[in-house]
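Engineer:
2 protein chains.
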Amino acid sequence: MLTRPDVAIVGAGPVGLAIAWRCASRGLRVTVHDPAPGSGASHVAAGMLSPVAEAYFGEHELTGLLAESAARWPRFAADLAEASGADVGYRADGTLVVGLTADDLAEARRLWSYQQGLGLPITPLRPSELRDREPALAPRVRGGAVAPGDHQVDPRRLVPALRAAAERAGAVLRPARVGALSEMDARVTVVAAGCGAADLTELPVRPVKGQVLRLRAPGRGAPDFRHVIRGYADGESIYLVPRDSGEVVVGATVEERADTEVTAGAVLRLLRAAVDLVPELAEYDLVEATAGLRPGTPDNAPIIGPLPGRPGVLVATGHHRHGIVLTPVTADLVTDLIVTGEPDPLLAPFTPDRFGKESRWN
Amino acid sequence: MLTRPDVAIVGAGPVGLAIAWRCASRGLRVTVHDPAPGSGASHVAAGMLSPVAEAYFGEHELTGLLAESAARWPRFAADLAEASGADVGYRADGTLVVGLTADDLAEARRLWSYQQGLGLPITPLRPSELRDREPALAPRVRGGAVAPGDHQVDPRRLVPALRAAAERAGAVLRPARVGALSEMDARVTVVAAGCGAADLTELPVRPVKGQVLRLRAPGRGAPDFRHVIRGYADGESIYLVPRDSGEVVVGATVEERADTEVTAGAVLRLLRAAVDLVPELAEYDLVEATAGLRPGTPDNAPIIGPLPGRPGVLVATGHHRHGIVLTPVTADLVTDLIVTGEPDPLLAPFTPDRFGKESRWN
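As they're listed, the protein sequences go chains A and B. Note that this note's numbering has the first sequence beginning at 203, numbered continuously upward. Note that this note's numbering has the second sequence beginning at 203, numbered continuously upward.
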C-alpha cells in the first residue's frame, strides 16, 4: 500500500479489527496498527453476549446499546463465518442466573425485577424447572431465572476470524506500536486501543483488572452443562461459560488495579463459588489462570465518536466488561460515520464530548 | 570416557545425583543416565526435612531412617556448597504443626503424643506462644506444636548443585533414556529412577500423584512467616514452606493416580486450607500449580540395596514423600556398599528382597 490510507486504526482487538473489516468491505483503504493483535482484554474475556444479565441499575442507555448489539450478533457471526471461513463459537443456549443462598437469591431477584421492568426477557424458574434445565447445578442452589437471549461467543476464535476477514477485504496489519497520534497519516484515524487509548487521547479510560480461570472437562468431552451460568454464591458474583471444546471459563474479579498478577485469594474465591454452584467442576482440570485489564470509563459506558479538538480522529474504546457484545454495533456505527460523515443517533450518549471540555475527567 | 564405568546410575534426580557425586568423590568412574535431569518428583517437591512431623503410626523403621538422614543434612549441605559453589537454601527455622479447629487439633495431638513417645523433639505450645512465634497465623488457629529440628531445603536449587558437584568430581551425565538394564555396561548399575524403576526392575513401585502450588509474596519480599507450617485445617492436611526468595510452597495432595493434571478441586482445597491458616496468603501471587508423581511402595519406605537375581544391580528408589530428606543417607549407604561390598546394618529393613521371591508385589 503506497498511497495514504483512508482509515488507520490503532488497536487490533475485536473492536479495531471489526471496524477494519467493515471499512475495508466498503472499499476503503485500511491499515491496523498493533504490535500484538488480540493480546488485550479480549484474550482474557469470556465472550458472554448478555444484554439482559448485564442490565444494571442506573445504566439505562448502556443497556439499550447492549441489546442493540446483541441483536446484531447472529447476523454478524454469520457474515464473519462467510468472510473468514472460521467459526467463532456462537452459541444460543441462553443464560441461567442463579442464587446459592437465600441472601444471594434475594439480591438476584432485585435485579430481575428491574430487568423485567425494562421489558427485558428474563423469566424466574421454580427450583425444579431450574434443575430440569441444568441437572449439574448443586442441589443447594436456591433458585434462578433464565435469560434465553443472552448468548456466547469465543473471543479467542473471534480475533483470528476478524483478522482473516479484514485482511481478505484488503486491510493491512502493521505490527508496530503507535506512540502518539501524530505518527498517523490517514484521512481518518480510529483509536481502538483499549486501555492504551488513555495515553493517546487523554480521555478518562482506566484499567480495571479481571482475573479469570479456564477449566477443562476431564476426558476432553464437552462440559455437562450447556447454559452460561451466572451465579451469586455467598456474596460472590461469578459466571461459568461452557464451550463445546470442553473448556469452562470461570470469571471474573473486578479490581481497580493495573497489574496482571494472578492472586491466591482471587483464585480461591472463583473456584469456591464455581464448585459451590456446579460441584462437578472440582474434577475438572485447571488449565489456565490469567488476569487482563478492561478499559473502564467513569460511567461504565464505551466512548465512541469524534475526539474533541482533533479533526479526523475517532475513538472506539472504554468498552469495559462489554467489548465482545458491543463489537458489532461499534463497528457498524463507526464505519457509517466514516462513510457518511453523519453520526447515527444511537451514538449520542456515548460520544467523547460527554466528559466536557476538561478532557482529564479522572 | 572410553573405559567401562565403575558405576552407571539410571536417574538424575537428587538420589541419583547424590550417589554420583559421592561415588565420583571416592575415585570411581561414574555415568548418570537421564534425558531430563531433575524433572521428576523433585521438581514438584517442597523440600521439607521432617523426621518428626513425618513420623506416622506403624512406620517405626522409616522414622529411624528419616531421623538419621535429617541429622546428616547440615553436613551434607555444607559439603555440597563447597563442592558445587551453590547454595541449596538449607534453613533451620523449624516447623510449626498447627490445628485450625478443635477436631483438627485433636487429630494433631494424637500424633504428637506418638512422636513424643518415640522421644522425638516436638513440643506443644500454648496459643499465645504459637502466635508469638508466628503472628501471621490466623487468630482462629486453635493450637500447635513446634518441631525445632524439622528444617527445609529448596529442591530446585538442590538438583543443579548436586549435578555441578557430581560433574566437578568427574561424573559424566548422559542425557538419554534407559529402556532396559541390559543396555547398561558398568561394574555396578544403580537404579535411582523414581517411578521409572518399576519397569526396569519389576519392583512394586507405583506413582502417587501430588498437586502443589507455588505462591509469591507481593512486592518480591520474603514471606511474613519463617517456620515451615504443617496444618490440619477442616480435615485437610497441608504444608506451607516459606523461602527467602518470597516463594511459599503449598502442598500437597496424595492421590492414587498416574496423571499429572492439575484439578480445580485440589487447588481449591489447598488454597482454602492455606488461607484459613495464614490469611495474608490470599494477597500472594499464585505463580505455579503443578502435579508430580512420587515413587510409592507398599510399606511407604524406600527400596535400597541389591536387586535379587541381578548381580551388579543396586536399587535406590521408592522414596515416596521423603526423597529430599533421605538423599544424604541413601547416597552414603549406596556408596559405602559399592566401595566396601558390605551392606550397612541400617539398610536391612529397606532392601528389595523384603518383597519376597515373587517380585510383583502389587
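C-beta: ideal position from N, C-alpha, C; glycine also.
Would you say B:Ala243 reaches chain A, if we count a Cβ-Cβ gap shorter than 9 Å as a contact?
Structural biologist: Chain A, which has no Cβ nearer than 9 Å to the Cβ of B:Ala243, makes this no.
Engineer: Using only the alpha-carbon positions, how far apart do B:Glu291 and B:Val355 sit?
Structural biologist: Note on residue identity: the sequence assigns Gly, not Glu, to residue 291 of chain B. Approximately 5 Å, taken between the alpha carbons.
Engineer: A:Arg491 touches chain B at which residues, Cβ-Cβ below 8 Å?
Structural biologist: Residue 491 of chain A is actually Ala in this sequence, not Arg. Per Cβ cutoff of 8 Å: Leu488, Ala491.
Engineer: The alpha helix (DSSP H) spanning A:Glu309 covers which residue range?
Structural biologist: Taken as a continuous stretch (DSSP letters only), the alpha helix (DSSP H) holding A:Glu309 covers 304–319.
Engineer: Using 9 Å as the threshold, is the C-beta distance between B:Thr492 and B:Arg445 below it?
Structural biologist: No, these two residues do not count as a Cβ contact at 9 Å.
Engineer: Report the residues of the region 498–514 of chain A with a CB closer than 7 Å to any CB of chain B, ordered along the chain.
Structural biologist: Here the close residues number zero.
Engineer: What are the boundary residues of the beta strand (DSSP E) that includes B:Ala550?
Structural biologist: Where B:Ala550 is concerned, there is no enclosing beta strand (DSSP E), given that its DSSP letter is neither H nor E.
Engineer: In angstroms, rounded to a whole number, what distance separates the CA positions of B:Pro337 and A:Leu470?
Structural biologist: Cα to Cα, the separation comes out at about 23 Å.
Engineer: What would DSSP say about A:Ile526, mapped onto helix, strand or coil?
Structural biologist: Looking at A:Ile526 - three-state DSSP - the assignment turns out to be coil, as it is neither helix nor strand.
Engineer: By the DSSP assignment, the beta strand (DSSP E) with A:Ile440 in it spans what residues?
Structural biologist: Element bounds for A:Ile440: 438–444.
Engineer: Leaving aside the five residues before and after B:Ser227 along the sequence, list all residues of the same chain whose C-beta is less than 7 Å from its C-beta, in chain order.
Structural biologist: Cβ neighbours of B:Ser227 beyond the five flanking positions: Ala371.
Engineer: Checking the sheet assignment: what are the DSSP bridge partners for A:Arg408?
Structural biologist: DSSP, once it has assigned bridges, lists A:Gly498 as partnering A:Arg408.
Engineer: Any residues in the region 390–418 of chain B with a beta carbon nearer than 8 Å to a beta carbon of chain A? Which ones, in chain order?
Structural biologist: Hits within the stretch, in order: Leu415, Leu417.
Engineer: To be precise: take each residue of the region 446–468 of chain A, compare its Cβ to all Cβ atoms of chain B, and keep it if any distance is under 7 Å. Which residues remain?
Structural biologist: Result list: Glu463, Val464, Thr465, Ala466, Gly467.
Engineer: Leaving out the 5 sequence neighbours to the left and right, which residues in its chain are closer than 8 Å to B:Trp314 when beta-carbon positions are compared?
Structural biologist: If we look at B:Trp314 and ignore the five residues flanking it on each side, its Cβ neighbours are Val299, Ile324, Pro326, Ala347.
Engineer: How big is the Cα-Cα spacing for B:Gly398 and B:Val443?
Structural biologist: Cα to Cα, the separation comes out at about 28 Å.
Engineer: Answer yes or no: does any C-beta atom of chain A fall closer than 9 Å to that of B:Pro337?
Structural biologist: Judged by the 9 Å Cβ criterion, B:Pro337 is not in contact with chain A.
Engineer: Which value, in whole angstroms, describes the spacing of the CA atoms of A:Pro350 and A:Leu267?
Structural biologist: Straight-line Cα distance between these residues: approximately 18 Å.
Engineer: With DSSP run on the structure shown, which of helix, strand or coil describes A:Trp563?
Structural biologist: Only weak support exists for where A:Trp563 lies, its pLDDT of 42 falling under 50; the value from the coordinates is given anyway. A:Trp563 falls in the coil class under three-state DSSP.
Engineer: Check whether the Cβ atoms of A:Pro239 and A:Ala388 sit closer than 9 Å, and answer yes or no.
Structural biologist: No; because the gap between Cβ atoms is not below 9 Å, this pair is not in contact.
Engineer: Quick one: list the residues of chain B neighbouring A:Val477, beta-carbon separation under 9 Å, in chain order.
Structural biologist: Those within 9 Å of A:Val477 in chain B are Ala466, Gly467, Leu470.
Engineer: Smallest Cα separation from B:Leu320: which of B:Glu284, B:Ala269, B:Gly345, B:Val361?
Structural biologist: The shortest C-alpha separation from B:Leu320 is found at B:Ala269.
Engineer: State the start and end residues of the unbroken beta strand (DSSP E) segment that holds A:Leu322.
Structural biologist: Run containing A:Leu322: none; DSSP gives neither H nor E here.
Engineer: I'd like to know if A:Glu438 contacts chain B, where contact means its C-beta is closer than 9 Å to some C-beta of that chain.
Structural biologist: No, no contact with chain B.
Engineer: For A:Thr391, which beta-bridge partners are listed by DSSP?
Structural biologist: A:Thr391 is bridged to A:Ala210, A:Val515.
Engineer: With distances taken Cα to Cα, identify the nearest neighbour of A:Ser271 among A:Val361, A:Ala400, A:Val531.
Structural biologist: It is A:Val531 whose Cα lies nearest to the Cα of A:Ser271.
Engineer: How is the beta strand (DSSP E) around B:Arg376 delimited, first residue to last?
Structural biologist: Note, B:Arg376: beta strand (DSSP E), 374–376.
Engineer: Note down, in chain order, every chain B residue with its Cβ under 8 Å from the Cβ of A:Arg422.
Structural biologist: Chain B residues near A:Arg422: none, gap ~11 Å exceeds 8 Å.
Engineer: Chain B partners of A:Pro485, CB-CB under 9 Å?
Structural biologist: In the sequence on display, residue 485 of chain A carries Glu and not Pro. Result: Thr465, Ala466, Gly467.
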